[in-house]
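Colleague:
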Amino acid sequence: MNIRTRFAPSPTGYLHVGGARTALYAYLFAKKNGGQFLLRIEDTDQKRFVEGATESLMKSLKWLGLEWDEGPDINGPHAPYTQSSRTEKYLKAVNELMEKDAAYKCFCTQEELDEMRKRQEARHEAPMYDRRCLKLSKEEIENKIASQLPHVIRQKIPEGMLVIDDMIRGKVRFDSKTIDDQVLIKSDGFPTYHLANVVDDHDMEITHVIRGEEWLPSTPKHIWLYEAFGWTPPQYAHLSLLLNADKTKLSKRQGDVAVEEYIQKGYLQEAIINFIAFLGWHPGKGSEQEIYSMNELIETFSLEGVHKSGAIFNLEKLDWYNWQWRRRKFLEVVEKDPSQRTTLLLKECEPYLDSQFKNLGNGNAKQLLARAIETVEEKILQDPKPVNQYIGFYFTPPEFKPEVVYSEKMKVDSEIVKTLLPAAIAALSEISQENWSEEQVKLSLVGVVAALGLKNGQVFWPLRAILTGEQFSPGVFEVIWALGKEETLTRLKNVKI
RNA sequence: GGCGCCAUCGUCUAAUGGUUAGGACGCUACCCUUUCAAGGUGGAGAUAGGAGUUCAAUCCUCCUUGGUGCUACCA
11 MNIRTRFAPS PTGYLHVGGA RTALYAYLFA KKNGGQFLLR IEDTDQKRFV
61 EGATESLMKS LKWLGLEWDE GPDINGPHAP YTQSSRTEKY LKAVNELMEK
111 DAAYKCFCTQ EELDEMRKRQ EARHEAPMYD RRCLKLSKEE IENKIASQLP
161 HVIRQKIPEG MLVIDDMIRG KVRFDSKTID DQVLIKSDGF PTYHLANVVD
211 DHDMEITHVI RGEEWLPSTP KHIWLYEAFG WTPPQYAHLS LLLNADKTKL
261 SKRQGDVAVE EYIQKGYLQE AIINFIAFLG WHPGKGSEQE IYSMNELIET
311 FSLEGVHKSG AIFNLEKLDW YNWQWRRRKF LEVVEKDPSQ RTTLLLKECE
361 PYLDSQFKNL GNGNAKQLLA RAIETVEEKI LQDPKPVNQY IGFYFTPPEF
411 KPEVVYSEKM KVDSEIVKTL LPAAIAALSE ISQENWSEEQ VKLSLVGVVA
461 ALGLKNGQVF WPLRAILTGE QFSPGVFEVI WALGKEETLT RLKNVKI
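Just so we're aligned: 470 in this note's numbering is position 460 of the first sequence, and the numbers increase by one with no gaps anywhere.
#1: Proline 21: buried (16+ other C-beta within 10 angstroms of its C-beta) or exposed?
#2: Would the region 95-104 and the region 61-73 be scored as touching if the rule is three or more Cβ pairs under 8 Å?
#3: Count the C-beta pairs between the region 252-266 and the region 321-340 that are closer than 8 Å, then say yes if the count reaches three, no if not.
#4: Determine the extent of the alpha helix (DSSP H) in which lysine 196 is found, giving its start and end residues.
#5: Who are the near neighbours of alanine 434 in its chain, counting only those whose CB is closer than 8 Å to its CB and skipping five residues on each side?
#6: Cα separation between alanine 112 and lysine 166?
#7: With DSSP collapsed to three states, give me the class of phenylalanine 117.
#8: Between the region 268-278 and the region 205-225, do three or more beta carbon pairs fall short of 8 Å?
#9: So, is isoleucine 155 buried or exposed, given that buried needs 16 or more other C-beta atoms within 10 angstroms?
#10: For arginine 164, report the span of its beta strand (DSSP E) as first-last.
#11: What span of residues does the alpha helix (DSSP H) with valine 414 cover, start to end?
#12: In whole angstroms, what separates the C-alpha of leucine 194 from that of proline 201?
#13: Tell me whether aspartate 175 sits in a helix, a strand or coil according to DSSP, three-state version.
#14: Rounded C-beta distance between glutamate 480 and phenylalanine 405? I'm assuming under 8 Å.
#15: Report yes or no: do three or more beta-carbon pairs, one from the region 70-85 and one from the region 160-176, lie closer than 8 Å?
#16: Starting from the N-terminal side, write out each stretch of the alpha helix (DSSP H) that is 4 residues or longer and does not extend beyond the region 26-51.
#17: Which value, in whole angstroms, describes the spacing of the CA atoms of isoleucine 216 and serine 365?
#18: Do the region 389-399 and the region 350-365 make contact, defined as three or more Cβ pairs closer than 8 Å?
#19: Could you tell me which whole beta strand (DSSP E) segments of length 3 or greater appear in the region 90-138?
#20: Exposed or buried, what is serine 147 when buried is set at 16 or more other beta-carbons lying within 10 Å of its beta-carbon?
#21: With a Cβ-Cβ cutoff of 8 Å, do threonine 32 and leucine 249 count as a contact?
#22: Determine the burial state of aspartate 53: buried for a count of at least 16 other Cβ atoms within 10 Å of its Cβ, exposed for fewer.
#23: Just reading off the alpha helix (DSSP H) that lysine 428 is part of, what are its end residues?
#24: Run the CB neighbour count on glycine 28, radius 10 Å, all protein chains shown included, and call it buried at 16 or more, exposed below.
#25: Which runs of the alpha helix (DSSP H) fall wholly inside the region 194-246 and span at least 4 residues, in chain order?
#26: Just how far apart, CA to CA, sit asparagine 85 and arginine 141?
#27: Does the region 118-135 come close enough to the region 185-192 that 3 or more CB-CB pairs lie under 8 Å?
#28: Give me whichever residues DSSP pairs with aspartate 256 in a beta bridge.
#29: Considering only the alpha carbon of each residue, which of Lys318, Leu159 and His292 lies closest to glutamate 558?
#30: I'd like to confirm the pairing. Which residues does DSSP put opposite tryptophan 291 in its beta bridges?
#31: Please name the residue in Leu38, Val451, Lys428 and Gln450 whose C-alpha comes closest to that of lysine 506.
#32: In this structure, what does DSSP give as the bridge partners for glycine 180?
#33: So for isoleucine 282, helix, strand or coil by DSSP?
#34: Rounded to the nearest angstrom, what separates serine 303 and glutamate 342 at their Cα positions?
#35: Starting from arginine 14, trace the alpha helix (DSSP H) both ways and give me its first and last residue.
#36: As a quick exercise: from Gly240, Asn332, Glu448 and Trp471, pick the residue whose alpha carbon is nearest that of lysine 419.
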């Protein structure tokens, strides 16, 4: 069987990360099985239509590497792939349903429906359409149509139980008594999701419907529609939701939910894919591999590995994936061509560099910047945003920060700094201008360590902290060498405890 | 309210009718080190509760609890 899946978003805004995961799973399932992945735009609700949303959706999808085989922009054998251009198909389909007595016209007004619901709620009944228009006689219907009363077309839900065999959830039972006669065609002539979805999935030969859990309760309606048409329904796989930290449905209020926003923040495509793939899926077989490329995911993916429970969208893990992928891509290039190292790192930092560092020409300052960045390579690969912290002190002397200089962990207190400073100043002063090198600085400071009987860190940490004012920075020898003898001594002498 | 879905460390998850319940993120201790970071070795940390089936239940069944989704002329 040729597997065909689809992603069918509504153009109401950006691509939501939850939608991205749904699309990813549908994509992986299709590709794993050598099938096709389609994109269909479900814009049957003009009220919610947002200008540019389709383009934005497609852009994010493409950026993620989720390319479709058929879709609104490239078309295909079942074009068009935008529902608003397919209305005749739905009208034709619904006529067929009425002929088969599986649908009927309903003339109830919004007010009538509201009132009916209110009364049902007052009696603690489930709010449901009471089928009053199903009892209309032929003449009544003709009269109402003749007087041009607006109407909708409702699905006539058959009686009985229905069991859905969901690929993720197994067998799920529904009683038709609890299911409403769904509106299929709205009074504006547009279909609702339920009709359009079924007609299109059938027409586009979709074999597996992979969609969010929110559709599970309405799946019986869809299956009954397939039955009424005499079509074979697709296989269903209902995915659990992505959640906020408090386990509510992932929402904008509690953080960013648009893929676009993560792109802007500098997350790598590979990292986002890797991360969302593992939110509710695991390769199984006791595997402990965490890093998967898209190709590896395609090879490994299966619906059996998809979880039933919702997963919290945890940014800390995303950051970690992002770091792993930045590093992996960086090393791939550098291993082939080591000369690329600095260029690549500078490129990483470029967007975050303060303007004063951007146009340094090619002189000493530029080299200094390059070296500084190289020495904090790991930090840059983890997160290039604080880059200015790692280099700013070269250009602007920092204030003395006791909270950085004194460190319980490094066993550094003010007493140590008091004895250390004069010794360090004396030792560094002895190095002649010609001999001023990183190596010489190191020798000199190692001498101080020995002379004072301290641990390495007790000397190196406070000096670096005084000179840079930063928790993290390039190494102390590098810093001293680069600042130069004069500036280093000035900074050290200026310290007042 | 009705109907449905879900339930292993804080988070993502692995595992099996019999395990010291494993890994990753995060947290943390120590080691290493040219500080920090990285790296290495450890640590704390979970089967929601109650019944039942069974020699044996985290795993199967039921109930409770909690969470969540749907209940529109939205998708």
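Just so you know, even glycine gets a beta-carbon here, dropped at the ideal spot from N, CA and C.
Modeller: Let me lay it out:
#1: buried
#2: no
#3: yes
#4: Where lysine 196 is concerned, there is no enclosing alpha helix (DSSP H), given that its DSSP letter is neither H nor E.
#5: Leu455, Val458, Val469, Leu473 and Leu502
#6: 5 Å
#7: coil
#8: no
#9: exposed
#10: 162-165
#11: 412-415
#12: 6 Å
#13: strand
#14: The pair is not a contact, with the Cβ atoms about 13 Å apart (cut-off 8 Å).
#15: no
#16: 27-42
#17: 53 Å
#18: yes
#19: 113-116
#20: exposed
#21: yes
#22: buried
#23: 424-439
#24: buried
#25: 203-213 and 229-239
#26: 40 Å
#27: no
#28: BP columns for aspartate 256 are empty, so no partner.
#29: Only positions 11 to 507 of the chain appear in the structure, and residue 558 is not among them; the question remains open.
#30: Val316
#31: Lys428
#32: Asp176
#33: helix
#34: 14 Å
#35: First-last for arginine 14: 14-17, but that is the beta strand (DSSP E), not the alpha helix (DSSP H).
#36: Trp471
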